[in-house]
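Colleague: My structure is below; once you've seen it, I'll send some questions.
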Amino acid sequence: MHYLRWAIACSTLTVLWLSPVTAEARERVSSFVYVGCNRVGFGATDPAPSTANVAQLQQTLADIAALPVKPDYFFFVGDMVLGMQADGGKTLTRELDAWKVLVNQNRFADSGIELLPLVGNHEADASTKMGDGSYVEYPDAANLAAWVAWLDRHHLAKAHNGPNGATELKHDLLAEDNNQTQSYSFDDLSTGVHYLLLNTDSLSTVSNPALPDKTVASWVPLHWVEQDIAKAETNPQIDKIVVLAHKPLVLDNPGPHDIVYNTTPYKLADDLLTLFSNTPKFAGYFAAHAHEWRYTDKLGPNRNVTQILAGNGGSQLDAGWSPEGGAYFGFTQVNLYDDNTVGIVSYARPAPTPYDSTDPQPAAKSSEEIFFPVIGK
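Residue numbers (mature numbering (1 follows the signal peptide of the UniProt record, and there is no 0)): -25 to -1, 1 to 352.
Structure follows, in structure tokens:
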């Protein structure tokens, strides 16, 4: 594992990395940026209509628009808004619409960078308070339908090829047929990259042990993913397969909803790690959910899968995350090179107090680049 390490000297931010692969001369073929988790918490006072951490969102959008080399895509990997209400999707739709207004008002709107939001548990789920005071999350059909409608209304989905039809739904134990833009994939043939955007809170037919009338959280359409990746593996025009999702596959001491579902008899996180570990073109799993930045390598049965978490978009940062130099917000750029190397650059700005301060924020500063190879290269 590698954490961003930074120090402030003479009022200048310096970012230091330990790099697992020595940097060599190489040519960047393409790049994308991503981040997740910008929504405020339920305890926030006087939140914006979007429930976003507005100051952090606006600065991140401006920073991305100002990058010296324009990335191909900006993936926002979930928890953009607070959501999580069982009210027929009304709250979610209202918050998402307000979030889109913020984007439209930012210089990012004129950048030409394609924005592709990805659903997180705060967009997909609702929750119920239990007798002991705890909350149990479950995918909410109305929220998922509202998410799909919002993507379609604003043309924010790149494709509509997700799980579809009775056979595919049954194979993945999915509960309804609006999955085509919850999980989907597309090929960028100009750069040889296959992108897979994965909903890690798909509505399944598997009963929730804590709420028998609801279904389990953190579900993924495993068999659809297997078929999609197999197709990309056999496509000679594809060199790299990138997977983006909201929830991690692994996490230290995860709570019941913190990683992809991995409880007997459905070990979905383990199965995905095995799939990725045996996929020669696999070029990384990029997620969020944990409110921190973390680089983890040597995962999977072949110890060759890399997971990067960029859940430092503006939500209150995890209390247990204490990187050297202090906690930080920002976003991550992923560079894909002609020698089948992947480069990771974290852009960081100090987290203010309070975390949801409305004060203008400084531009994020870039780290040195971490490099790792595509699995089969």
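Note that CB positions come from ideal geometry on N, CA and C, so glycine has one too.
No experiment lies behind these values; they were computed from the predicted model shown.
Can you tell me where the beta strand (DSSP E) with residue 310 in it begins and where it stops?
Modeller: By 1-based counting over the sequence shown, the position of residue 310 is 335. Note, residue 310: beta strand (DSSP E), 303 to 312.
Colleague: Looking at the unbroken alpha helix (DSSP H) that takes in residue 45, where does it start and where does it end?
Modeller: Taking the first residue of the sequence shown as position 1, residue 45 is located at position 70. That residue, residue 45, is in no alpha helix (DSSP H); it is neither H nor E in DSSP.
Colleague: Among 6, 130, 342 and 312, which residue has its Cα nearest to the Cα of residue 349?
Modeller: By one-based count along the sequence shown, residue 349 stands at place 374. Checked all of 6, 130, 342 and 312; the closest Cα to residue 349 is 312.
Colleague: Based on Cα-Cα distance, which residue from 345, 341, 289 and 342 lies nearest to residue 19?
Modeller: Counting from 1 along the sequence shown, the entry for residue 19 is found at position 44. Nearest C-alpha to residue 19: 289.
Colleague: Does DSSP put residue 169 in a helix, a strand or coil?
Modeller: Taking the sequence shown and counting its residues from 1, one reaches residue 169 at position 194. Here residue 169 sits in strand by DSSP.
Colleague: In the stretch 31 to 102, which residue ranges form an unbroken alpha helix (DSSP H) of at least 4 residues, counting only runs that do not cross its ends?
Modeller: Counting only runs of 4 or more, we get 65 to 79 and 96 to 99.
Colleague: Beta-carbon within less than 6 Å of residue 235's beta-carbon, same chain only, minus the 5 sequence neighbours each way: which residues are those?
Modeller: Position 260 of the sequence shown, counted from the start, is the residue given in the question as residue 235. Same-chain partners within the cutoff: 175, 193, 195, 222, 224, 243 and 244.
Colleague: Count the other CB atoms within 10 Å of the CB of residue 335; is the residue buried (16 or more) or exposed (fewer)?
Modeller: Counted from its first residue, the sequence shown places residue 335 at position 360. Flag for residue 335 reads exposed.
Colleague: Taking DSSP's pairing of strands, which residues face residue 17 in a bridge?
Modeller: Reading the sequence shown from its first residue, position 42 is the one you call residue 17. Beta-bridge pairing links residue 17 to no other residue.
Colleague: On a Cα-Cα basis, can you pick out the residue from 121, 197, 183 and 206 that is closest to residue 162?
Modeller: Start at 1 with the first residue of the sequence shown, and residue 162 comes out as number 187. Nearest option by C-alpha distance: 206.
Colleague: Looking only at C-alpha atoms, which of 78, 87, 99 and 93 sits nearest to residue 405?
Modeller: Because the chain spans -25 through 352 in this model, residue 405 falls outside it and cannot be assessed.
Colleague: Using three-state DSSP, classify residue -8 as helix, strand or coil.
Modeller: Here residue -8 corresponds to residue number 18 of the sequence shown, with the count starting at 1. With a pLDDT of only 40 at residue -8, under 50, the local geometry of the prediction cannot be trusted, and no value is derived from it.
Colleague: Which runs of the alpha helix (DSSP H), 4 residues or longer, sit entirely within the stretch 192 to 253?
Modeller: Here the runs fully enclosed are 197 to 208 and 243 to 252.
Colleague: Could you tell me whether the Cβ of residue 225 comes closer than 9 Å to any Cβ of chain D?
Modeller: Judged by its chain identifiers, the structure shown contains no chain D, having just a single protein chain.
Colleague: Give me the DSSP bridge partner(s) of residue 114.
Modeller: Your numbering for residue 114 matches position 139 in the sequence shown. BP columns for residue 114 point to 100.
Colleague: Please classify residue 127: does DSSP put it in a helix, a strand, or coil?
Modeller: The residue given as residue 127 occupies position 152 in the sequence shown. Note: residue 127 maps to helix in three-state DSSP.
Colleague: What number of angstroms, rounded off, separates the C-alpha of residue 332 from the C-alpha of residue 203?
Modeller: Reading the sequence shown from its first residue, position 357 is the one you call residue 332. Reading the sequence shown from its first residue, position 228 is the one you call residue 203. Distance between the alpha carbons of residue 332 and residue 203: 42 Å.
Colleague: Go to residue 141, then tell me how far its alpha helix (DSSP H) extends in each direction, as first and last residue.
Modeller: Here residue 141 refers to the residue found at position 166 of the sequence shown. First-last of the alpha helix (DSSP H) with residue 141: 140 to 146.
Colleague: If you reduce the DSSP assignment to three classes, tell me which class residue 292 lands in.
Modeller: The residue you call residue 292 lines up with position 317 of the sequence shown. Residue 292: coil per DSSP, three-state reduction.
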